[in-house]
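> Protein chains in written order, with the working numbering: chain Z, 69 to 273; chain S, 132 to 522. Heads up, the beta-carbon is just placed ideally off N, CA and C, and yes, glycines get one too. This is the structure I have questions about; it appears just below.
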């Protein structure tokens with residue numbers, strides 16, 4: 069492998085490992101569900117890391133997490149908990165410029181609220197920027213609307229968030245699908261009505 | 132609005148579905164002018180592409196008129212006559228910026244299935260199952276076109292609707308098939324399949340420098356089109372041993388370049404054909420590969436096999452040994468629509484390619500199920516049934 073490329077990839081994976089260790093840090097003994105994933109954005113490192121500081125963009129990493137900036141400038145998140153309710157908490161977000169990492173964790177008692185982190189690193193070649201992300205804690209009660217194909221695992225949750233983040237940075241918006249395609253067709257509805265009628269009447273006129 | 136919906140294996144119906152709406156700033160809404168059936172739709176119809184859902188609108192090869200644009204659309208305006216590529220690119224990811232639009236990172240909103248099955252998700256395709264994005268198809272009165280500045284190309288004056296519609300898929304797919312071959316002057320090119328894509332690949336092969344093109348099919352009317360319209364040498368695989376004839380036609384070398392334009396439901400003969408059909412029916416393999424096996428077997432040493440027929444899963448008895456030991460180059464892929472369409476519209480305008488002869492059966496959308504039946508069963512010499520949803 070090209071020595072320069074090797075150095076870059078080693079640096080990226082080392083930085084990612086550090087973030088993972090820092091996130092896990094004081095949580096030894098009670099391992100929470102953890103999702104990890106990585107994605108490559110076709111934009112330079114400084115542009116990607118700079119974009120993460122924009123209000124609202126960071127919360128795209130975690131679908132269901134809603135970020136608000138209060139008047140005092142602190143970040144508050146709303147997070148759908150496992151029973152379908154919502155939680156709200158103030159978060160401490162640490163931007164580490166030399167390492168190009170972002171950590172977020174709830175202030176005070178973390179309770180069931182998520183903590184997580186991202187590290188960015190220049191990708192080898194002309195690929196742009198690698199983003200490695202990790203999120204601790206449970207998945208939201210409702211899966212994100214745009215990715216219902218498979219069972220939602222913590223990794224899948226983070227993966228979906230990273231894809232959305234990449235789409236926003238690269239194209240300016242998240243790719244959406246027409247809701248009509250997930251709706252039931254007239255033919256399906258007619259069949260259901262026929263079946264309901266059959267069950268109700270037992271086939272009798 | 133009215134749309135042609137997939138309601139189950141071999142079951143289509145025209146239904147009332149909601150009109151599309153602008154969902155993204157870079158969307159456009161297009162009133163569909165013409166929308167063609169495609170051989171790859173038959174894989175959906177026959178149930179070989181998973182993740183179809185009842186009520187899905189099918190169709191991916193179309194042209195029409197822009198009726199509404201999102202706030203970030205800059206190159207189109209209502210009233211523009213456009214042809215829309217069947218495979219969607221965002222124009223901004225690395226793959227799109229390099230022209231590989233069918234590998235786009237951002238246009239498949241349902242990537243999870245492909246990431247699990249293929250390792251990575253590819254671009255979204257209109258009306259082509261939820262694994263390819265779940266985007267409603269073009270056999271409808273209206274359609275939403277995401278990233279419209281990238282995917283909808285204005286049609287120049289002088290090009291008819293009947294020519295433009297095939298610049299959506301058949302022409303660029305055929306062109307890419309020939310381009311992937313790396314054709315050099317004097318090359319002999321063999322093309323398996325004389326449907327819309329195969330015929331367009333034959334035209335492209337000649338335009339890229341082939342000295343001879345051989346068309347392999349079993350349908351007399353399609354072989355006649357290949358001979359009369361594309362200037363190819365017809366070869367009926369039910370009447371002759373393909374490998375023997377190809378060897379004879381090339382002095383024993385075999386064709387320099389082979390194009391597979393059939394895909395996962397190729398017909399086989401004898402025990403091998405029966406074996407493939409049984410295995411696919413029992414879901415012991417997802418794809419039948421008779422024509423691909425023939426192509427690899429027939430191709431000359433050091434030649435190229437280009438695959439544009441659609442395969443979806445795994446196949447059996449793939450002759451990797453022959454490909455490896457003969458030093459073949461295998462190239463394949465879904466077409467990179469936005470890379471090719473402007474150039475191909477220019478060629479159509481210049482008269483170098485005229486795909487309008489593919490349109491053998493113009494029909495209203497209300498006859499959609501019958502159109503697919505004619506196309507699938509090759510009734511009445513149907514090469515392409517093309518619907519005009521507006522009537």
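Which of the three DSSP states, helix, strand or coil, is assigned to residue 170 (chain S)?
Assignment of residue 170 (chain S) by DSSP, reduced to helix, strand and coil, places it in the helix class.
> Let me make sure I understand the geometry here. Which of Z:174, Z:169 and Z:101 has the alpha-carbon closest to that of residue 198 (chain Z)?
Z:169
> Output, in chain order, the set of chain S residues within a Cβ distance shorter than 7 angstroms of residue 235 (chain Z).
Near residue 235 (chain Z) (Cβ distances below 7 angstroms), the residues of chain S are 237.
> Closer than 7 angstroms, CB to CB, is residue 465 (chain S) near chain Z or not?
no
> Could you list the residues in the region 207-233 of chain S with a C-beta less than 8 angstroms from some C-beta on chain Z, going in chain order?
Cβ contacts with chain Z: 221, 222, 223, 224, 225 and 228.
> Can you have a look at residue 75 (chain Z) and say buried or exposed, based on whether 16 or more other CB atoms are within 10 angstroms of its CB?
At residue 75 (chain Z) the pLDDT is 46, less than 50, meaning the model places this residue with poor confidence; the figure from the coordinates comes in the next sentence. By the 10 Å Cβ count, residue 75 (chain Z) comes out exposed.
> In this structure, does DSSP put residue 536 (chain S) in helix, strand or coil?
In the structure as shown, chain S begins at 132 and stops at 522. Residue 536 (chain S) is therefore absent and cannot be evaluated.
> Examine chain Z for any beta-carbon lying closer than 7 angstroms to the beta-carbon of residue 267 (chain S), and answer yes or no.
yes
> Determine, for residue 198 (chain Z), whether the minimum Cβ-Cβ distance to residues of chain S falls below 7 angstroms.
no
> Along the region 268-288 of chain S, what residues have a CB closer than 8 angstroms to any CB found in chain Z?
275, 277 and 278
> I'd like to know whether the C-beta atoms of residue 325 (chain S) and residue 357 (chain S) end up nearer to each other than 7 angstroms.
yes
> CA-CA distance, residue 412 (chain S) and residue 405 (chain S)?
10 angstroms
> Using only alpha-carbon positions, find the residue among S:506, S:505 and S:501 that is nearest to residue 144 (chain S).
S:501
> Looking only at C-alpha atoms, which of Z:189, Z:271 and Z:226 sits nearest to residue 201 (chain Z)?
Minimum Cα distance to residue 201 (chain Z) is reached at Z:226.
> Looking only at its chain, what residues have a beta carbon closer than 7 angstroms to the beta carbon of residue 523 (chain S), apart from the 5 residues adjacent to it on each side?
Because chain S in this structure spans residues 132 to 522, residue 523 (chain S) falls outside the shown range and cannot be described.
> For residue 270 (chain Z) and chain S, any beta-carbon pair shorter than 7 angstroms?
no
> Check distances from the C-beta atoms of the region 143-159 of chain S to those of chain Z and list, in chain order, the residues that come in under 8 angstroms.
144, 146, 147, 148, 149, 151, 152, 154, 155, 156 and 157
> What is the DSSP secondary structure of residue 271 (chain S), counted as helix, strand or coil?
strand
> May I have the straight-line CA-CA distance separating residue 226 (chain S) from residue 281 (chain S), to the nearest angstrom?
13 angstroms
> Let me see if you follow: with CB-CB separation under 7 angstroms, is residue 226 (chain Z) close to chain S or not?
no
> What do you get for residue 270 (chain S), buried or exposed, if any count of 16 or more other CB atoms within 10 angstroms of its CB means buried?
buried
> When the Cα atoms are used, what is the spatial distance from residue 463 (chain S) to residue 396 (chain S)?
17 angstroms
> If you draw a straight line from the C-alpha of residue 378 (chain S) to the C-alpha of residue 429 (chain S), how long is it?
8 angstroms
> Compute the Euclidean distance between the alpha carbons of residue 422 (chain S) and residue 449 (chain S), then round it to the nearest angstrom.
11 angstroms
> Enumerate, from N- to C-terminal direction, the unbroken beta strand (DSSP E) stretches of 3 or more residues contained entirely within the region 312-338 of chain S.
For the region 312-338 of chain S, whole beta strand (DSSP E) runs of length 3 or above, ordered along the chain, are 319-323.
> Determine, using beta carbons only, whether residue 221 (chain Z) comes closer than 7 angstroms to chain S.
no
> Taking buried to mean at least 16 other C-beta atoms within 10 Å of its own C-beta, is residue 146 (chain S) buried or exposed?
buried
> Could you confirm whether any beta carbon from chain Z is found closer than 7 angstroms to the beta carbon of residue 495 (chain S)?
no
> Give me, in chain order, the residues of the same chain whose beta-carbon lies closer than 7 angstroms to that of residue 252 (chain S); leave out the 5 immediate sequence neighbours on both sides.
239, 242, 245 and 246
> Of the choices S:453, S:142, S:278 and S:437, whose alpha-carbon is the least far from that of residue 577 (chain S)?
What is shown of chain S runs 132 to 522, which leaves residue 577 (chain S) out entirely.
> Hey, quick one: how far does the alpha helix (DSSP H) through residue 525 (chain S) stretch, first residue to last?
Nothing in the structure corresponds to residue 525 (chain S), since chain S is present only between 132 and 522.
> Assess, as a yes-or-no matter, whether the region 189-204 of chain S is touched by the region 161-176 of chain S under the definition of 3 or more beta carbon pairs within less than 8 angstroms.
The region 161-176 of chain S and the region 189-204 of chain S touch, with no fewer than 3 CB-CB distances between them shorter than 8 angstroms.
> If you drop the 5 nearest sequence neighbours on each side, which residues of the same chain put their C-beta closer than 8 angstroms to that of residue 362 (chain S)?
333, 337 and 344
> Give me the chain S residues within the contact set of residue 116 (chain Z), using Cβ-Cβ distance strictly less than 7 angstroms, ordered along the chain.
Here the premise fails: no neighbours, minimum Cβ distance about 13 angstroms.
> For residue 141 (chain S) and chain Z, any beta-carbon pair shorter than 7 angstroms?
no
> Taking only the alpha-carbon atoms, compute the straight-line gap between residue 470 (chain S) and residue 232 (chain S) and give it to the nearest angstrom.
Residue 470 (chain S) and residue 232 (chain S): Cα-Cα distance of roughly 7 angstroms.
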